[in-house]
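Trainee: Top line first, the protein sequences correspond to chains Z and P.
Start counting at 1 in the first sequence, then tack on 1, and there's your number in the working numbering.
Start counting at 1 in the second sequence, then tack on 1, and there's your number in the working numbering.
Protein chains: 2
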Amino acid sequence: MIPFELTILGTSSALPTLKRYPTAHALNVRERFFLIDCGEGTQIQIRKYGVKLSRIDHIFISHLHGDHYFGLIGLLSTFALLGRKNDLHIFSHSQLPEILKPQLDFFNDDLSYKIIWHPLNFKKNDIILDNEVVTVMSFPVKHRVPCCGFIFSEKPGLLNLQKDKIEEYKVPVSWLQYIKKGEDYVDENGLVVPNSALTCQKHLPRRYAFCTDTSYVPELSEIFENVDVLYHEATYDSRYEKRANETFHSTAAQAANMANSSRVGQLIIGHFSARYKDVTVLHDEAKSIFPNTLIAEEGMVISIEGRKEIL
Amino acid sequence: MIPFELTILGTSSALPTLKRYPTAHALNVRERFFLIDCGEGTQIQIRKYGVKLSRIDHIFISHLHGDHYFGLIGLLSTFALLGRKNDLHIFSHSQLPEILKPQLDFFNDDLSYKIIWHPLNFKKNDIILDNEVVTVMSFPVKHRVPCCGFIFSEKPGLLNLQKDKIEEYKVPVSWLQYIKKGEDYVDENGLVVPNSALTCQKHLPRRYAFCTDTSYVPELSEIFENVDVLYHEATYDSRYEKRANETFHSTAAQAANMANSSRVGQLIIGHFSARYKDVTVLHDEAKSIFPNTLIAEEGMVISIEGRKEIL
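1. Among the residues of its own chain, which have a CB less than 6 angstroms from the CB of P120/Z, if the five just before and after it don't count?
2. Could you name the residues of the stretch 45-68 of chain Z whose beta carbon sits closer than 9 angstroms to any beta carbon of chain P, in the order they occur along the chain?
3. L89/P touches chain Z at which residues, Cβ-Cβ below 7 angstroms?
4. Using 8 angstroms as the threshold, is the C-beta distance between A257/Z and T294/Z below it?
5. What number of angstroms, rounded off, separates the C-alpha of P23/Z from the C-alpha of Y70/Z?
6. Can you find a CB in chain Z that lies within less than 8 angstroms of the CB of I9/P?
7. I'd like to know whether the C-beta atoms of F123/P and V30/P end up nearer to each other than 8 angstroms.
8. Between which residues of its own chain and D118/P is the CB-CB distance below 6 angstroms, once the five residues before and five after are set aside?
9. Could you tell me the alpha carbon to alpha carbon distance between S139/Z and C149/Z, rounded to whole angstroms?
10. Which bits of chain Z does I100/P rub up against, with CB to CB less than 7 angstroms?
11. Thinking C-beta only, is I9/Z closer than 8 angstroms to E242/Z?
12. Whose C-beta lies closer than 7 angstroms to the C-beta of N261/Z among residues of the same chain, with five residues either side of it excluded?
13. Determine the closest residue to L112/P out of L89/P, I129/P, A210/P, P206/P, with distance taken between C-alpha atoms.
14. List the endpoints of the continuous beta strand (DSSP E) containing E234/P.
15. Can you pull the chain Z neighbours of F71/P, defined as C-beta to C-beta under 9 angstroms?
16. How about H64/P and H144/P: are their beta carbons less than 8 angstroms apart?
17. Which residues in chain Z sit within 9 angstroms of P17/P, going by Cβ to Cβ distance?
18. Interface residues of chain Z around L82/P at Cβ under 8 angstroms?
19. Could you spell out the range, first to last residue, of the alpha helix (DSSP H) harbouring D106/Z?
20. Anything in chain Z within Cβ reach of F107/P, meaning under 7 angstroms, just list it in chain order.
21. So, at 7 angstroms on beta carbons, what are the nonlocal neighbours of V142/P in its own chain, with the 5 sequence-adjacent residues on each side left out?
22. Roughly how many whole angstroms lie between the Cα atoms of Y186/P and V193/P?
23. Since Y277/Z and L283/Z should fall inside the 8 angstroms C-beta cutoff, what is the C-beta to C-beta distance between them, to a whole number of angstroms?
24. When burial is assigned at 16 or more other CB atoms within 10 Å of the CB, is L312/Z buried or exposed?
25. Within 10 angstroms of the Cβ of G158/Z, are there 16 or more other Cβ atoms? Answer buried if so, exposed if not.
26. Per DSSP, G40/P forms a beta bridge with which residues?
27. Sort out for me which residues DSSP pairs H119/P with in a bridge.
28. Near I100/P, which residues of its chain fall below 8 angstroms by C-beta distance, leaving aside the five closest residues on each side in sequence?
29. By how many angstroms is the C-alpha of A245/P removed from the C-alpha of C39/Z?
30. How big is the Cα-Cα spacing for T236/P and F108/Z?
31. Select from L83/Z, L76/Z, G300/Z the residue whose C-alpha is nearest the C-alpha of G11/Z.
32. Taking the alpha-carbon positions, what's the R207/P to E220/P distance?
33. Could you spell out the range, first to last residue, of the alpha helix (DSSP H) harbouring Q178/Z?
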């Protein structure tokens, strides 16, 4: 299957622990890697878990708390040391280039590639990337500082041929590449066979939503419809709901309620407070509301299969 | 024995590898920890190898290449999250506070402690710290950017009492604390017993020298005299001596020559180029010149015992 695969690189909240690195996710869409947040040590995690450095052309930074971007400068430096040539697109708060400027200036002409900064819109949903493999939408969440989540929607891929129909209509081999792309077949006599009679799609375009750091925002459930996998922060369990509200974070129950109301396929919770050596309490709390909940762990790979289309 | 103990936290050069973190060392002098360089991930290594975060009041940054300081902002942030109150002294190039300013400004009033910046002198040797446990001298080395090494010299500790002499001169218990600090004993009749007749010192004050990143600078051997343990970079083996010269780094042979000519007790080599998966070639090269050479490894602890004093 064409990959649409998430690798979790970090699961801690602001304070890293012996086992947990700060936030970073890598999404592999057809062998292109999209990096989401870049806490300290992300480049080390990237190497450890086999994410392909040279295939990262897009980085998304949700907000400017250090645990979500302190690893960026090291990664940019490593790209330069490796002689990277491709443009690098970074989607972040407009202040980030200024913040990193004194460090980037240090490279002078040694930065072998171009960084293209894209400021995020923290007021409304925004399509920030639309290329041949994916569409990315940012959406504002509620945190102490401006913060966005991201939804990655796969572009429809090539269609699967229905072999028996191809034989039945005697479609020549030279036509197959066009049929896979969605074209109708027209035979020598001008007879049109609609594409839908010749192909099937294995799954609907796949969708991954990344939602951290934020208070519980019930209204978001609308935009999570048709999301296969939702990553939602769950910094605390419900005993600390007051603290979650005060610090603009969510509880495991709130993350699960979000998954439930938006009917996503699967929920992954992460961004755990350093107080939890064992996160079973968070897992149990979420599962009691939304059973298909996973606990994020460093190095976890989730291969998103996508929902079957009802034909 | 009162600790004078080095913990190696990172051994890579600019490009970290799967096994090697960028440079950072922690020196424990009588349970005070001195952090030397702070590459990305240092705070994670600190937790992993049991260095006491709350006992770090002094950080020394050799130079402003990212692999020697990109972990500093994360550590400063963690100190704030933990509610640190003690002043933190940072010895570095005078540009570092400016470079980190946009990130530090983000804390606003949330930085619970004071950072006191001490600019290094890259023109001449300089005593940069002199407190009750240690004297630290910085010395300029030769790199592409201004860079300093550091020598940590232990302050003489409390003296060991010679029990038989204490009995012979009938020294009262109330006097012992003063004798341990070096005072002479004066008995009821005014008879003076010199301190040296009552005490002995187990070892000479201990010295650790940290020397990276630098070309081979033979003249430095003078200041390494009486150093117990010398950490000297050995980015390359001698086959790459030309490249070492061009990039202002050293070979393993050069590091060993330095150890040899300055007659240090032990040599540790590190800051290995990412090209070496196995550093045996570097170890063998150094040992052939200076047998008492160790290869730096993440988590290695070297308890420095000090030379015996010849009484």
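Don't be surprised by glycine CBs; every beta carbon is placed ideally from N, CA and C.
Just so it is clear, the structure is predicted and the values come from calculations on it, not from any experiment.
Mentor: With the given structure in hand:
1. S95
2. I45, R48, K49, L65, H66, G67, D68
3. Here the premise fails: no neighbours, minimum Cβ distance about 16 angstroms.
4. yes
5. 9 angstroms
6. no
7. no
8. As written in the sequence, residue 118/P is Trp, which differs from the Asp given in the question. Excluding residues within five positions, the ones whose Cβ falls inside 6 angstroms are I91, P98.
9. 6 angstroms
10. P103, Q104
11. no
12. I290, F291
13. L89/P
14. 230-234
15. E41, F71, G72, I74, G75, S78, Q104
16. yes
17. Q44, I45, R48, G75, T79
18. A15, L16
19. 97-106
20. L65
21. C148, C149, G150, C212, T215, V218
22. 6 angstroms
23. 7 angstroms
24. In this prediction, L312/Z scores a pLDDT of 46, lower than 50, which makes its location untrustworthy; the coordinate-derived value is nonetheless stated afterwards. Exposed.
25. buried
26. Beta-bridge pairing links G40/P to no other residue.
27. F92/P
28. L65
29. 32 angstroms
30. 21 angstroms
31. G300/Z
32. 22 angstroms
33. 174-181
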